[in-house]
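Peer 1: This is the structure, below, for whatever I ask next.
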Amino acid sequence: MSLKTERINAQILREVSLILQNEVRDRDLRLCTITAVETTNDLSISKIYVTFLGKNYNQEKGMEALERSKGFIRNLLAKKLKIRKCPELHFVLDTSLEYGNKIESIINSLHEKDN
């Protein structure tokens, strides 16, 4: 990955986080957090990895809300990026946090059995 792509990834992560926090009014996106961004080398597509905080949160509903808001988010992002064409946004549910929590609970239960 080139330095330019890494810089664009960092800027997209920062700007989309701010857009979700300050501009998008959808209640289903209140607990949405951007965890990572991967943009293709030609800057045509950005995969934005998201997670939703809260154990009882309906993640499917959150992903649907992101899909509904995708055009609005891309429009605002295009105004903030200093590149010719704003990449197409693809939101992907990041399950690594859940996986990490599951592994941690397994390790904790093993430690409890040893004691």
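Every position in the sequence shown, counted from 1, becomes a number in our numbering once 49 is added.
Note that beta-carbon positions come from the ideal geometry of N, C-alpha and C, so glycine has one too.
Here the structure is a predicted model, which means the values were calculated and not measured.
#1: Between Phe140 and Glu161, what straight-line distance do the alpha-carbon atoms span, to the nearest angstrom?
#2: Run through the DSSP bridge pairs and tell me what Lys96 is partnered with.
#3: Assuming Ile61 contacts Leu126 (C-beta within less than 8 Å), just tell me the rounded distance between them.
#4: Helix, strand or coil: how does DSSP classify Thr144 here?
#5: Assuming Val99 and Leu142 are in contact, meaning their beta carbons sit under 8 Å apart, how far apart are those beta carbons, in whole angstroms?
#6: Within 10 angstroms of its Cβ, does Gly111 collect 16 or more other Cβ (buried), or is it exposed?
Peer 2: On the basis of the data shown:
#1: Roughly 38 Å between the two C-alpha positions.
#2: Glu87, His139
#3: 7 Å
#4: coil
#5: 6 Å
#6: buried
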